[in-house]
Every structure is written in C-alpha cells, then in structure tokens.
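For any residue, its number in my numbering is found by taking its place in the sequence shown, counting from 1, and adding 140.
Every residue gets a Cβ at the ideal spot worked out from N, C-alpha and C, and that includes glycine.
Values in this document were obtained by computation on a predicted structure and should not be read as measured data.
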Amino acid sequence: MSAEYKAPSEVKDLTIYNTIELEDLAKEVMPKGGFDYLAGGSGEEFTLKRNVQCFKSQGILPRVLADVEFPETETEIFGQKLKVPFIMAPIAAHETKEAGTAKGISEFGGTIMSISAYSGATFEEIDEGLQGNPRWFQIYMAKDDELNINILNEAKADGASAIILTADATISGNRDRDDKNEFVYPFGMPIVSRYLTGTGENMSLNNIYGQSKQKITPRDVEFIKKHTDLPVFVKGLQTAEDANVAIGAGADGVWVSTHGGRQLDEAPGSFECLAEVADAVAGRVPIVFDSGVRRGEHIFKALAQGADLVALGRPVLFGLALGGWKGVRSVFEYFETDLKRVMQLAGTQNIDQVKAARLKALDNWN
Ligand code: FNR
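Here you go:
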C-alpha cells in the first residue's frame, strides 16, 4: 500500500457538525496525495465549487402550521424499500478499499451501495462488509465486449439489482493536483484488471481510463440491458437532450452528475441542471442526483427539483478516513438527522411532500 494513500486506521463514531468541516478534518489526517485525489477536481475546480454553491440558486419555501412532528424519510426505487432517499455514489478510493464503506452502509441499513468497477476490492471482499445489503454495480466498460459480458455476469451473480453506466468519464479530467503529486493508484483493481495491461496498481488514472472503452453510445445501454436484464442508469448527464437519448436507448433511470467536478470543468453545477433534466424526463424514469451534496438542505432541494434519490460522495469518504466504517455510518446518520430537521422546518411530512415542495429562484446568489 502506497504511503500516499494511508489513512488512519482508527474505527470510531464521529461527531459531525457539518460535512464541509469534515473535509478540513480529513485533510489533517490524510497524506497529501490521497487527500488531493479525493477532494480535488479538474481544471480550475470551477465546477467542483459550483456544485456546492449553486444550491443557493434556489431557496426552500417553508410551510408552517403543517402538523409535522416526526418526518418520514422512507421511499422506494424499483420496488426496493429504502429508509432514506439517499444512497452511496460509486467511488473507488481508500485503503480499506470498499469493504469499510460497505460495512458502514450495511450497519446504517436501508440504503444502497453502488460498487465501482474500479473498486480496489473484489466482489467477495465487498460482500463481507455489505452482509447482503442491496447493491448496484457501476461499470466502466472494456473495449472488448466478451470481457464486458464477463464483468456484468459477475456483478449480477453478486446480487446487483441495477447497473450504472458512467458516461461522463471516457477519459480523465485534467486533475492538476494529481498530476503535480504524480498520483498513481495505490492498489490493484480486481474487477477491471482483466482488461488493463497491469493490475491498476501504480497506474495513473489517465492510463486506466485510456484502456477502458471511450466510444460509449446508446448501443451500450441496449447491450447492458440485453446481457443483464437489469435496470440500467446512465450516469453523468446534465442536459434534456442526453436524458431523452438515454431513455430512447432503453435506460430505466438517469443520473444527473458532474462526477463531483472531476471531469469537464467549467460545466454548470449539477443542481442547476436538474430542473431541465427533470422537465424532459417528465416522470418516465427515476432520476438520481449527485455532486455537491453536503447538507440536508441540499438533499431536500434536489428532491424538490425533481430527483427521486440523491447519491452521497466525498463526505462519506472523509468519514471513512476519519472513523473507518463507523465514520461512514456517522455520515449517513448525520444526513438522516439533518434531512429530518429540514423536512420539519419546511413543513413536509414525507418524501412525497418534499418532492412537491416549492423552491424559489433567488437573485444574486453567487
Ligand atoms: C468518484 N466518482 C466516481 N464515479 C463513478 O461512476 N465511478 C467511479 O469509480 C468514481 N470514482 C470516484 C472517486 C472519487 C475519489 C470521487 C470523489 C468521485 C464520482 C462519484 O460517483 C460522484 O459522482 C461524486 O463523488 C459526487 O460528487 P461529490 O458529492 O463527491 O462532490
């Protein structure tokens, strides 16, 4: 394990005031290379910052006299009941690999783990942490279709109940921090190593992306559906046009994301693209939203703007760095408590009411 990625191995519950401070705390305990890989984005990091800031483009209009004492956060997707309207985004990172994240999520319970194709752990290792918890699988495709069928079969046998096709990362964004740190992956990638020239260990992200399939088209959506018979999400879109193309190709869900500002820089923030996509989708398929979610207010606004589920990214990994699997659980608990507080203050009893809540466009927010 590269020293650049070593994080503290302490396993402890965290007291979280907000997840923005969690990033500062993680910075103190993580080596620079690993921290920059996690926290950094592409280019000038405009989109990275904008993802968080642009939630301020809309205000939550509270309703009072609303008879709310115990807000209910339960929801469901594809018949799967969830305790909360947020799940884990696919992220490949950390020296406990994905097993620590998986354990934290299964101990929290009632949500979904998205397993990245670039995971440092095998399906079996992740399953030890997940203990039967629901999971989706995110694929970075190989150039060779036989290998893709192979990977999809394994994911399905592992119990994935949906496949996420990440479409915004056919090559790596220009991540200056990683380039300056000469950051290379500190561990192998057992799921995709079958199509890499190496295992993934000591390889740069540019190299790994370069060996994955770059020509991603609507045919890939059809291909995945045909070979898995599972619902397919297209992840990483920001426009009505792409939502229509994805649904036209048979996608069962769309996933609005800027990849956490790590791919195309100077794209708009993710939240400011959500309304356009939701209008185009018009309820035909569920919408997952991610990028920049740091507070209960952000989850609330994303749901009110048309998302069905929100995916958490970096805050969970900062929790993992600071408190291992218990830190992951603490982050999920923080978001649950914070969302309930926002729901109550906004006068919304349940997730249907959150989705129907009114936002007000704000001037001069940035
Ligand atoms: C990611 N993300 C990502 N997405 C994906 O589809 N496959 C992957 O392997 C990864 N890997 C990854 C690593 C790291 C370190 C980060 C921070 C992100 C993107 C991820 O799924 C999600 O879109 C973003 O993390 C959301 O942005 P925030 O909330 O983290 O800012």
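Contact under 8 Å by Cβ, residue i with residue j
{"i": "residue 197", "j": "residue 229", "result": "no"}
{"i": "residue 436", "j": "residue 418", "result": "no"}
{"i": "residue 321", "j": "residue 164", "result": "no"}
{"i": "residue 307", "j": "residue 375", "result": "yes"}
{"i": "residue 116", "j": "residue 201", "result": "In the structure as shown, the chain starts at 141 and stops at 506, and residue 116 therefore has no counterpart that could be examined."}
{"i": "residue 480", "j": "residue 370", "result": "no"}
{"i": "residue 233", "j": "residue 178", "result": "yes"}
{"i": "residue 411", "j": "residue 301", "result": "no"}
{"i": "residue 318", "j": "residue 345", "result": "yes"}
Distance cut-off 7 Å: residue i Cβ against heavy atoms of ligand 3
{"i": "residue 330", "result": "Looking at this structure, you won't find ligand 3 anywhere; what it does contain is ligand 1."}
Bridge-paired residues (DSSP) for residue i
{"i": "residue 452", "result": "228"}
{"i": "residue 278", "result": "256, 304"}
{"i": "residue 348", "result": "In DSSP, residue 348 forms no bridge with anything."}
{"i": "residue 215", "result": "222"}
{"i": "residue 198", "result": "501"}
{"i": "residue 377", "result": "396"}
{"i": "residue 372", "result": "303"}
{"i": "residue 428", "result": "395, 449"}
Neighbour-count burial assignment, residue i, 16 or more Cβ in a 10 Å radius
{"i": "residue 354", "result": "exposed"}
{"i": "residue 352", "result": "buried"}
{"i": "residue 149", "result": "exposed"}
{"i": "residue 157", "result": "exposed"}
{"i": "residue 276", "result": "buried"}
{"i": "residue 466", "result": "buried"}
{"i": "residue 284", "result": "exposed"}
{"i": "residue 238", "result": "buried"}
{"i": "residue 398", "result": "buried"}
{"i": "residue 388", "result": "exposed"}
{"i": "residue 540", "result": "With the chain covering only 141 through 506, there is no way to say anything about residue 540."}
{"i": "residue 454", "result": "buried"}
{"i": "residue 337", "result": "exposed"}
{"i": "residue 478", "result": "buried"}
{"i": "residue 278", "result": "buried"}
{"i": "residue 251", "result": "buried"}
8 Å CB neighbourhood of residue i in its chain, flanking five on each side removed
{"i": "residue 185", "result": "401, 405"}
{"i": "residue 452", "result": "226, 227, 228, 229, 430, 433, 471, 472, 475"}
Near ligand 1: residue i beta-carbon under 7 Å from a heavy atom
{"i": "residue 438", "result": "no"}
{"i": "residue 460", "result": "no"}
{"i": "residue 167", "result": "no"}
{"i": "residue 386", "result": "no"}
{"i": "residue 178", "result": "yes"}
{"i": "residue 211", "result": "no"}
{"i": "residue 335", "result": "no"}
{"i": "residue 433", "result": "yes"}
{"i": "residue 427", "result": "no"}
{"i": "residue 430", "result": "yes"}
{"i": "residue 231", "result": "yes"}
{"i": "residue 352", "result": "no"}
{"i": "residue 278", "result": "yes"}
{"i": "residue 400", "result": "yes"}
{"i": "residue 397", "result": "yes"}
{"i": "residue 258", "result": "yes"}
{"i": "residue 347", "result": "no"}
{"i": "residue 191", "result": "yes"}
{"i": "residue 306", "result": "yes"}
Same chain only: Cβ atoms within 6 Å of residue i, ignoring 5 sequence neighbours per side
{"i": "residue 188", "result": "181, 401"}
{"i": "residue 183", "result": "314, 405"}
{"i": "residue 206", "result": "487"}
{"i": "residue 212", "result": "490"}
{"i": "residue 244", "result": "465, 468, 469"}
Contact set for residue i: own chain, Cβ-Cβ below 7 Å, skip 5 residues either direction
{"i": "residue 160", "result": "434"}
{"i": "residue 331", "result": "257, 259, 291"}
{"i": "residue 424", "result": "387"}
{"i": "residue 415", "result": "445, 446"}
{"i": "residue 299", "result": "275"}
{"i": "residue 360", "result": "281, 305"}
{"i": "residue 384", "result": "420"}
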